[in-house]
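Written out below as C-alpha cells is the structure these notes cover.
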Amino acid sequence: MPELLEVEYYRRLAERTVGRRIASVDAPDAWYLQQGLDAAQLEAVLAGAVVAGTRRRGKLLVLDLDGAPPLGLRFGMTGRLVVDGEAAIERLEYASARHEPGWERFRVRFEDGGSLVMVDPRRLGGVSLDPDVAQLGPEATTLTPSGLRRVLERSQAPLKARLLDQARLAGLGNLLADEILWRARLAPTRAAGGLDESELRRLHRVLRSTLRELDGRGGSHTGDLFVARRNGGLCPRCENGLARDQVGGRTTYWCPAEQR
DNA sequence: ATTGTGGCCTGCCCGC
DNA sequence: TGCGGGCAGGCCACAA
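Taken in order, the first sequence gives residues 63 to 322; the numbers are from my numbering.
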C-alpha cells in the first residue's frame, strides 16, 4: 500500500507535470472528492492553471498550481498514480495489478494532450483543494531525535499506534512501522512514553536508516520482515515464531523473543 | 485532551 | 470447480 516511500515515487513521477497547463478535469466519482467538492467546481477552479511544483508530506501528495489553490492527492491503500500512461509503481501489495478503466477515480488532462490519473480500486483515496498540511505531524524521513521524543513522550498509547498517528508523525504505514520496530528490537505494545534514552536513540537511528534503505530497494514491502508476515511466519533473525496481534487497530507481526 | 473501536471501500485469497 | 466469508489498512467519525 502507498506509505511515504510509494508516495515519494508518485511525487517524482508527478514532477513531469510541472510547467504544464490544465485543460480539463474528469472526476467521475463524487465520493472521491473531499470537502464537498463536485466535478464541475473542481473543473472551474483547475482549468487553465499551470503546475508550479510538487511536494509531499507523509502520505499526502500536493501539486502547487499557478492560478489555482494547491491540489491534494491521497492514495489510501490501493491508489496508484499514472502520468502520461506511465505508472509510478507497477504493482501494489494488497491491490490488484490490473488497470480497469472503471478504477480511474480522477484525471487531470493537460493542454498538451497528456494526463495525470489516480487509479484506485477500493476508493479509499481522495482529492482535495488547499489541503491542510499543518494537521500532519513532522515528516518521518527528516525526523530528528528530539522530534521523535516529542512524538512519543508522555503517551500511554502503544508505541506502534503512536508511530502510525499521522497527526504526530507523517508517513509511516503498517508495513514500515512493523519493519522499523522489528529492526529496533522494540515491542509494538510498549507504552510510547516509556522508552529510555538509549531506546529512543536506537529507534531514531533505525527509523531513518530503514526509510533510506527501503527507498533504495523499492518500497515499503521490501523490508526484511515482510516475507515472514503470514501465519506460521518465523523471525528472519532468530527463527522463533512471530506473533500476530492487533496493535493500534492494525495487524501486527513481531518477534516476542527479540522485541522488548 | 487521549485512546480505542468500528465502518468505509472492494478485489482477492483461502477453504469448503 | 465454483462459491462465499474473511482479509487487507488508510482514514475518519464517534465514544468513553
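For each residue, glycine too, the CB sits at the ideal point set by N, CA and C.
- For Q103, the enclosing alpha helix (DSSP H) begins and ends at 101-108.
- Inside the stretch 241-312, DSSP marks whole alpha helix (DSSP H) runs of 4 or more residues at positions 259-279, from first to last along the chain.
- In the three-state scheme derived from DSSP, where H, G and I count as helix and E and B as strand, A223 is classed as helix.
- Per the Cβ contact rule, the stretch 206-217 is not in contact with the stretch 168-176 (fewer than 3 Cβ pairs under 8 angstroms).
- For E166, the enclosing beta strand (DSSP E) begins and ends at 166-172.
- Boundaries of the beta strand (DSSP E) harbouring R142: 142-145, taken from the DSSP string.
- Rounded to the nearest angstrom, the Cβ distance from V309 to T251 is 6 angstroms, consistent with a contact under 8 angstroms.
- Spatial neighbours of R264 in its own chain (CB-CB distance under 6 angstroms, excluding positions within 5 residues in sequence) are listed in chain order as A246.
- Excluding the 5 residues flanking it on each side, D286 has same chain C-beta neighbours closer than 6 angstroms at P298, in chain order.
- Between Y72 and L122, the gap from beta carbon to beta carbon reaches 8 angstroms or more.
- In the displayed model, T314 falls within a strand according to three-state DSSP.
- Residue range 207-214 is occupied by the alpha helix (DSSP H) that includes G209.
- The C-beta of A92 has fewer than 16 other C-beta atoms within 10 Å across all chains shown, which makes the residue exposed.
- If you compare the alpha carbons of L238, G294, G129, G295 with that of E275, the shortest gap goes to L238.
- When the five nearest sequence neighbours on each side are left out, the beta carbons in the same chain lying within less than 6 angstroms of the beta carbon of R78 are those of V145, in order along the chain.
- Using a Cβ distance threshold of 8 angstroms, L95 and G164 do not count as a contacting pair.
- Scanning its chain for C-beta atoms nearer than 8 angstroms, with the 5 sequence neighbours on each side dropped, one finds around E68 the residues F137, A150, I151, L154, G281, S282, in chain order.
- Beta-bridge analysis with DSSP links I151 to no other residue.
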